[in-house]
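Q: Sharing a structure here in structure tokens format.
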Amino acid sequence: GTMELAIKRLGGGRAATFLHDRAAVGDRFSVDGPSGEFYLPDDPGPGILLIAGGIGINPLMSMVRHVHQARDPVRTTLIYSAKTPPEFVFRDELEAISAENAGITTVFTVTDPREQEWSGRVGRIDRSLLEELVKPAGTTFYLCGPPGMPTELARVLVSVGAPIDSLRFEEW
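Take 1010 as the starting number for the sequence shown in the numbering used here and just add one per residue.
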């Protein structure tokens, strides 16, 4: 089998530094897993809302691919925030999936478009965006992003009606 990795270099991250500086295409690794509780169950219910911050898109991307490839009748919305437009990982693939599959919606927002051409949403994922897109009944919420972001957005989701037991989140 193969594994696709999207790894952002962060200060002090040993694994990311190794993979960026020393690993090469063709290197072989031993991998343990999967492990943990952050996954899409066999029956995800009628709807899922995925919220990604930066490189937190990784586990959520596999969920989007699974729903798309399985043609599951699962209403799926992905809200994906990055600092600048070039930082969106998998953007072309996500746009293609959304165009092909009416059950999958993607929403991109950038926090710092600067001088780059960007006609989409600008700003952090906030209460008003979540109120616009969240349909709590039967929805399971998956949040993954930098420290603090998933926890804060989980609080906002609960305040707009998401049951606390419908939230799953991972911080990196």
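Beta carbons: idealized from backbone N, C-alpha and C, even for Gly.
Measure the C-alpha to C-alpha separation of M1012 and A1025 and round it to an integer number of angstroms.
A: Translated into positions along the sequence shown, residue 1012 becomes position 3. Translated into positions along the sequence shown, residue 1025 becomes position 16. Spanning the two alpha carbons is a distance of roughly 16 Å.
Q: State buried or exposed for P1172, treating a residue as buried only when at least 16 other CB atoms are found within 10 Å of its CB.
A: Here residue 1172 refers to the residue found at position 163 of the sequence shown. It is exposed - the Cβ of P1172 has fewer than 16 other Cβ atoms within 10 Å.
Q: In angstroms with no decimal places, state the Cα-to-Cα distance between G1132 and L1049.
A: By 1-based counting over the sequence shown, the position of residue 1132 is 123. By 1-based counting over the sequence shown, the position of residue 1049 is 40. Each residue's Cα considered, the two are about 28 Å apart.
Q: Does R1084 come out as helix, strand or coil in the three-state DSSP assignment?
A: Residue mapping note: residue 1084 aligns to position 75 of the sequence shown, counting from 1. DSSP places R1084 in strand when its eight states are reduced to three.
Q: Let me confirm a value: S1175 is counted as buried when at least 16 other C-beta atoms fall within 10 Å, else exposed. Which label applies?
A: By 1-based counting over the sequence shown, the position of residue 1175 is 166. Counting Cβ neighbours within 10 Å, S1175 comes out buried, since at least 16 surround it.
Q: Out of curiosity, what's the CA-to-CA distance linking T1085 and V1076?
A: The count along the sequence shown starts at 1 and reaches residue 1085 at position 76. The count along the sequence shown starts at 1 and reaches residue 1076 at position 67. Rounded to whole angstroms, T1085 to V1076 spans 8 Å at the Cα level.
Q: When burial is assigned at 16 or more other CB atoms within 10 Å of the CB, is P1043 buried or exposed?
A: Your numbering for residue 1043 matches position 34 in the sequence shown. Its Cβ having fewer than 16 others within 10 Å, P1043 is exposed.
Q: Three-state secondary structure (DSSP) at E1140?
A: If you number the sequence shown from 1, residue 1140 lands on position 131. Three-state result, E1140: helix.
Q: According to DSSP, E1180 sits in a beta bridge with which residue or residues?
A: Residue numbering aside, residue 1180 sits at position 171 when the sequence shown is read from its first letter. The partner list for E1180 (beta bridge, DSSP) reads G1154.
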